[in-house]
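Reading through the structure tokens given below for one structure.
Numbering (UniProt numbering), first residue to last: 1 to 745.
What follows is the structure, given as structure tokens:
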């Protein structure tokens, strides 16, 4: 019973106060339309007590219709990007509810294309490149999604005011050898929400196929081949690379006839009648690199023969190892010692190394080397390898000893020959002249004729700040290292250097051998920026004043002062970045426009001059367009500005004129107690006319970009109100010139 009473009470309250539902409904409530297509939306009401319904719209509007419950907004060819159709209803209580239809107008791209930025031809493995996707004439951008593909693999998805415009999206790639022949595509897709087309409208670029060059790499194969004495053998040195690599076999001690055969990527050396162990060096080379591998041929010989042994550096000071032959290698006390055990020599310098033995039962010692070799010497415990001018980059000096049991142990001296660069220089890639703030550039460090590269370290500096350290064949060659920079205005005049440093380990020179480039000073161009200064200056009537419009920019900006109503003499002075306008005998308030410009931008600021005047004088007021048709505002002076009924009216109040066309504007007054009216203008001016209420400014051929026609009236109380006509002059070849206009009393 209590719950029933509560329910009735709630119903009574609802009837007393009324539960109002919104009277309008759109069907569909939101539309997505292709540019140029038709659209139709119903606006219905559940209200029966209304005085009519309608649509307000720039296209397809419907005036008030009575005795209807539905009005339909229809456009056959929708091309207005900013349209906001509004359905409204007039209720009998005087209310006018309304609802705006959300409209998304879209356009698929005219064309989508893909290209490589700043590069043509094959790409090199491990190098970074940038792809660009050009999407022409699409909207709306806030719904655009760009997807990047390699083959069928999605690489990246990029999500991005409403008018069609061109868009460029970029993708950074670093292809490797597996990407040779890969196809890249980009797709422009418009995701317009659940109300939009399904599937999404898309345009896809033609595929971009890339060619990737890479250094050689050996295919799997055996490094050791066993063969019976006198038999034939085939050695495999198959490799792949792009461009296809060249192959070279070397072996000064090889016996038998060798014939090379090539089938596809397979590269074989066929050797007939092999009688002795041997090592073959296989070198494959293309312009991106060179690699070498050794293939050992082991010959099975009768037990009475001694195998030829491969000389290897000892794994420990007193042991040595031979490659396996028919007879098993034996472990012996190693009889040779080098002092020093390893050398690092500057190209062209001298070198000397002792080879000593603790064995007393030997038949002699010696050195095998391309330079400084020593033939077998008997009855000695030390032989010294010496070269006065070492220039052989591949030298491998070998010390050997003939033991009385017929063995010949040997040890190879590790030699690192190095050369500092002939020259190190720094430059900017693909650019000359000043740099622009916010733009990315690439610096290149050219290091000429240096070895060995595996020990090279390149360090980058800005001033004394270390920016990057890059660590990297043995013959001298040229190297280029790059650094990406994005300078700003604070970097103008900054000096960049690069240094080539050889880190040759603890046996090498300390400190490391280095050569540093000459510094590269950069010039950065940037848009103007005002230095701090006052925007308002107060001055006594009749005094002089100096206005400061100091700014910095690169290139140094040009300055222009404008003020057509200024009184007194104005002289501009420049000291460094300080730009002053010196005005003598100031008698009236005024506003000066200071504009500074260089090729990267233009900025303007206003400086207000406020004049202290005696109370009996009327202040000259800052020219401003009237905020309402019958009021005007002055900037503050000593005397407070007064609000008056403005006596002048322009018809039309503003004109837009094509360069060279005619123009005509009436200036009328409601005042009857005046002493005449006129126009001041560089063209079409009208001198004072009395007993008139209208004066017309007319020009048959308007070509003055800075014209500011001013209508004035002389009132009987001595005041002279005036109003400047805003004029926009335009041309297909020059942008419109729209300047600030003034009203004064």
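Where a beta carbon is used, it is the ideal one built from N, C-alpha and C, also for glycine.
- Beta-bridge partners assigned by DSSP to residue 54: 88.
- The residues 42, 44, in chain order, have a CB closer than 6 Å to that of residue 70 in the same chain once the five nearest residues on each side in sequence are set aside.
- If you draw a straight line from the Cα of residue 559 to the Cα of residue 603, it is about 10 Å long.
- Leaving aside the five residues that flank residue 693 on each side, the residues in its chain whose CB is nearer than 7 Å to its CB run, in chain order, 668, 669.
- Residue pairing for residue 651: DSSP places it in a beta bridge opposite 666.
- Using a Cβ-Cβ distance cut-off of 8 Å, the stretch 401 to 421 and the stretch 338 to 351 are in contact, since at least three pairs of beta carbons, one from each stretch, lie closer than that value.
- Taking the Cα positions, residue 130 is about 14 Å away from residue 149.
- Beyond the five residues adjoining it in sequence on each side, residue 549 comes within less than 8 Å, by CB distance, of 530, 533, 559, 561, 579, 580, 581, 594, 596, 605, 607 in the same chain, given in chain order.
- Cβ contact annotation for residue 33 (same chain, cutoff 8 Å, sequence separation greater than five): 39, 78, 103, 104, 105, 106, in chain order.
- Within its own chain, the residues whose Cβ lies closer than 7 Å to the Cβ of residue 224, once the five positions on either side in sequence are excluded, are 296, 298, listed in chain order.
- Non-local beta-carbon contacts of residue 448 in its own chain, meaning distances under 7 Å to residues more than five positions away in sequence, involve 421, 422, 423, 478 in chain order.
- For the pair of segments examined, the stretch 396 to 414 was found to touch the stretch 353 to 371: the number of CB pairs separated by less than 8 Å reaches three.
- If you check the CB distance, residue 659 and residue 729 come in under 8 Å.
- Secondary structure note for residue 606: its beta strand (DSSP E) is the uninterrupted segment 601 to 612.
- Residue 206 counts as exposed, since fewer than 16 other beta carbons sit within 10 angstroms of its beta carbon.
- Taking a contact as a CB-CB distance under 8 Å, the pair residue 681 and residue 652 does not count as one, their CB atoms being some 16 Å apart.
- Residue 551 has 530 as its beta-bridge partners, per DSSP.
- Sequence-distant Cβ neighbours of residue 285 in its own chain, meaning closer than 6 Å and more than five residues away, are 245, 246.
- Contact annotation: residue 528 and residue 493 have beta-carbon atoms that are not nearer than 8 Å.
- Leaving aside the five residues that flank residue 671 on each side, the residues in its chain whose CB is nearer than 7 Å to its CB run, in chain order, 647, 713, 715.
- The beta carbon of residue 520 is closer than 8 Å to those of 426, 427, 428, 443, 495, 496, 497 in its chain, skipping five residues each way along the sequence.
- Residue 208 and residue 598 have their C-alpha atoms some 40 Å from each other.
- Rounded to whole angstroms, the separation of the alpha carbons of residue 458 and residue 388 is 31 Å.
- When the Cα atoms are used, residue 291 and residue 268 turn out to be separated by approximately 16 Å.
- The DSSP-derived three-state label of residue 579 is strand.
- If the five residues before and after residue 65 are omitted, its C-beta is found closer than 7 Å to the C-beta atoms of 52, 53, 54, 71, all from its own chain and listed in chain order.
- Bounds of the beta strand (DSSP E) holding residue 711 are 710 to 715.
- One Cα belongs to residue 346, the other to residue 352, and the distance between them is close to 13 Å.
- Leaving aside the five residues that flank residue 395 on each side, the residues in its chain whose CB is nearer than 7 Å to its CB run, in chain order, 369, 370, 371, 415.
- Only exposed fits residue 194, as fewer than 16 other CB atoms lie within 10 angstroms of its CB.
- Excluding residues up to 5 positions away in sequence, 335, 336, 381, 401 lie with their Cβ nearer than 6 Å to the Cβ of residue 357 in the same chain.
- Rounded to whole angstroms, residue 238 and residue 393 show a C-alpha spacing of 27 Å.
- In the DSSP assignment, residue 686 is bridged to 679.
- With fewer than 16 neighbouring CB atoms inside 10 Å of its own CB, residue 100 falls in the exposed class.
- Here residue 410 is buried: its Cβ has 16 or more other Cβ atoms, across all protein chains shown, within 10 Å.
- As DSSP reads the structure, residue 64 sits in no beta bridge.
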